[in-house]
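Chemist: Take a look at the following structure, please.
Number of protein chains: 2
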Amino acid sequence: MSVKEKKRGRPSQSQSRLTAELIILSARKLMLENRKVPSIRQIAGVLGVDAMAIYHYFSNKSALLEAVTISLIETIYEPKAGGKWQDELKLLCKSYLELLGTHPGLLEILLSMQSFGPAQLFNQRLMSVLAPLQLPQAAFEQARNLLVDYIHGVALAMQCNPDVISSDCINGPLCLIFSALEDRR
Amino acid sequence: MSVKEKKRGRPSQSQSRLTAELIILSARKLMLENRKVPSIRQIAGVLGVDAMAIYHYFSNKSALLEAVTISLIETIYEPKAGGKWQDELKLLCKSYLELLGTHPGLLEILLSMQSFGPAQLFNQRLMSVLAPLQLPQAAFEQARNLLVDYIHGVALAMQCNPDVISSDCINGPLCLIFSALEDRR
DNA sequence: AACTATTTTTCTACAATGTAGAATAATAGT
DNA sequence: ACTATTATTCTACATTGTAGAAAAATAGTT
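Listed in order, the protein sequences are those of chains V and B.
Residues 1 to 185 (my numbering) make up the first sequence, in order.
Residues 1001 to 1185 (my numbering) make up the second sequence, in order.
In structure tokens form, the structure reads like this:
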């Protein structure tokens, strides 16, 4: 049962090279499968390397998780220009919610990040969806804050109670927001 | 510098007795001061006992934190019967939000609890506030879900970015909800 | 070709955490 | 006086993030 200890030091180039992208992908996969933020050792495990190898590509765990977050947030729904704003908004929100709900821990990382990049992405897509409504700036911001924080709240509830809450639970409250939005138009 | 190692075994009754309530209070204090969920060893430290002594009163850390949560949640604002519903609602929400915002980790514990007791408490107070509106059941539930999850979202943002977000940030979105509520009356 | 510097990796080690299990001492019950 | 129960400390273990050093392959320089 020799577990084949790896040789120390830089491997010869024949071996499949470790990259930041590979690490991010493994972390994403583990996060989704295990429904929690993976440990560095777990990530290293599936990559077949020592845990400390990860630290050559990321200065610490937090940096790795931020990269994972950026990678994940780019997968949310990209609104189409043609559709009804209500439909597009619902699709966008559900996609965001499902991403957060299926990746427990992601939300906390996202909210703790200094870089506003990832948070901005949802904001931009929301703006493009709500553009046809031509809301005044203040009304848009109110609605955005309400929407974003509401979704975050639901996502947190989903990850604390997996299998109990479905992403459909936002339908009702979303309608409430819709009607409030139409009033302010 | 004798650090005065404690004698092993049950202490004689003269010593100030450890109780579940004392443990809960110490945990609350640490949670508030350090802005995070304390470790068992920290709690035991301020109580001057060994970490394992805690386990005589709580079967595990989770049970202790649930007790802390129940204790904390009872401190939220109790609505007065006389006031305007908008004012009372705002006070209730802010009180809840500030509790969650100043006790990072509390929200996750609350949402993970099987016992619905603590979550119900806010629900009840909300019902008493909104009673004068005589909303249909479905509309009340929509509004409650929106409100609760929105507050949770804001609370999470507050604990991830301490000192950046104030509890006043809910004013705008709250007004949005108010107007939606009045429409459904 | 020979040296040196750099890059990429593993190894060892440490502190912090939750908590199981055993030892121990005070008290309560008989 | 003996036994059982209760309240406590002690020791130990697995898991975590990660610092620091050693090692091996590669790249750069003369």
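Note that CB positions come from ideal geometry on N, CA and C, so glycine has one too.
Is V1129 (chain B) closer than 8 Å to L1176 (chain B) when the C-beta atoms are compared?
Modeler: Against a cut-off of 8 Å, the Cβ pair of V1129 (chain B) and L1176 (chain B) comes out as no contact.
Chemist: Taking only the alpha-carbon atoms, compute the straight-line gap between I213 (chain V) and N34 (chain V) and give it to the nearest angstrom.
Modeler: Past the boundaries of the shown model lies residue 213 (chain V); chain V is included only from 1 to 185, so the question cannot be answered.
Chemist: Start and end of the alpha helix (DSSP H) containing M52 (chain V)?
Modeler: Run containing M52 (chain V): none; DSSP gives neither H nor E here.
Chemist: To the nearest whole angstrom, what separates the beta carbons of L126 (chain V) and L92 (chain V), a pair I think is in contact under 8 Å?
Modeler: Sure, about 7 Å apart at Cβ, within 8 Å.
Chemist: Hey, how far is the Cα of A27 (chain V) from the Cα of P1038 (chain B)?
Modeler: Approximately 28 Å between the Cα atoms of the pair.
Chemist: Anyone know if the C-beta pair for L146 (chain V) and Y1096 (chain B) falls short of 8 Å?
Modeler: No, they are not a contact pair.
Chemist: Given a limit of 9 Å on CB to CB distance, which residues of the stretch 1148 to 1165 of chain B reach chain V?
Modeler: The stretch 1148 to 1165 of chain B vs chain V, Cβ under 9 Å: V1148, D1149, Y1150, I1151, H1152, G1153, V1154, A1155, L1156, A1157, Q1159, C1160, N1161.
Chemist: Between the C-alpha atoms of S2 (chain V) and H1103 (chain B), what's the straight-line distance to the nearest angstrom?
Modeler: Note that S2 (chain V) scores a pLDDT of 46, beneath 50, so its modelled location is shaky; the value from the coordinates is reported in the next line. In a straight line, the C-alpha of S2 (chain V) is about 50 Å away from that of H1103 (chain B).
Chemist: When the Cα atoms are used, what is the spatial distance from Q120 (chain V) to V68 (chain V)?
Modeler: Rounded to whole angstroms, Q120 (chain V) to V68 (chain V) spans 16 Å at the Cα level.
Chemist: I'd like to know if A143 (chain V) contacts chain B, where contact means its C-beta is closer than 8 Å to some C-beta of that chain.
Modeler: Closer than 8 Å to some Cβ of chain B, the Cβ of A143 (chain V) qualifies, so yes.
Chemist: Is it the case that the Cβ atoms of P1173 (chain B) and Q137 (chain V) are separated by a distance below 8 Å?
Modeler: No, the pair does not count as a contact, with Cβ atoms beyond the cut-off.
Chemist: Which residue marks the beginning of the alpha helix (DSSP H) containing T102 (chain V), and which one marks its end?
Modeler: Element bounds for T102 (chain V): 85 to 102.
Chemist: Please tell me whether I1023 (chain B) and L1065 (chain B) are closer than 8 Å, where the distance is taken between their beta carbons.
Modeler: Cβ distance not < 8 Å, so I1023 (chain B) and L1065 (chain B) don't count as in contact.
Chemist: Leaving aside the five residues before and after P162 (chain V) along the sequence, list all residues of the same chain whose C-beta is less than 7 Å from its C-beta, in chain order.
Modeler: If we look at P162 (chain V) and ignore the five residues flanking it on each side, its Cβ neighbours are R35.
Chemist: Quick one: give me the first and last residue of the alpha helix (DSSP H) that P79 (chain V) is part of.
Modeler: Looking at the DSSP string, P79 (chain V) is not in any alpha helix (DSSP H), and its letter there is neither H nor E.
Chemist: Considering just the uninterrupted stretch of the alpha helix (DSSP H) at S179 (chain V), what are its terminal residues?
Modeler: Here the alpha helix (DSSP H) through S179 (chain V) covers 171 to 184.
Chemist: By Cβ distance, which residues of its chain are closer than 7 Å to G101 (chain V), with the 5 residues on each side in sequence left out?
Modeler: For G101 (chain V), where only same-chain residues beyond five positions count, the Cβ hits under 7 Å are A155, M158, Q159, S167.
Chemist: What is the rounded straight-line gap between the Cα of M1113 (chain B) and the Cα of K6 (chain V)?
Modeler: Approximately 44 Å between the Cα atoms of the pair.
Chemist: Can you tell me whether P79 (chain V) is buried or exposed, with buried defined as 16 or more other CB within 10 angstroms of its CB?
Modeler: When all chains shown are included, P79 (chain V) counts as buried.
Chemist: Go to M1158 (chain B), then tell me how far its alpha helix (DSSP H) extends in each direction, as first and last residue.
Modeler: That run of the alpha helix (DSSP H) goes 1137 to 1160.
Chemist: Is it the case that the Cβ atoms of A1053 (chain B) and A1044 (chain B) are separated by a distance below 8 Å?
Modeler: Contact: yes.
Chemist: Measuring CB to CB, does A1056 (chain B) end up less than 8 Å from G153 (chain V)?
Modeler: A quick correction: the sequence has His, not Ala, at residue 1056 (chain B). Contact flag unset, no.
Chemist: Hey, would you say K1061 (chain B) sits closer than 8 Å to I1076 (chain B), going by beta carbons?
Modeler: Contact flag unset, no.
Chemist: At what residue ranges does the stretch 1015 to 1054 of chain B contain a whole run of the alpha helix (DSSP H), taking only runs of 4 or more?
Modeler: Fully enclosed alpha helix (DSSP H) runs of 4 or longer: 1020 to 1034, 1040 to 1047.
Chemist: How many Å lie between A1180 (chain B) and G117 (chain V) at the Cα?
Modeler: A1180 (chain B) and G117 (chain V): Cα-Cα distance of roughly 32 Å.
Chemist: Use the C-beta contact count for T19 (chain V): other C-beta atoms within 10 angstroms, 16 or more gives buried, fewer gives exposed.
Modeler: T19 (chain V) is exposed by the Cβ-count criterion.
Chemist: Between D168 (chain V) and chain B, is there a C-beta pair that is closer than 8 Å?
Modeler: Taking Cβ atoms only, chain B never reaches closer than 8 Å to D168 (chain V), which makes this a no.
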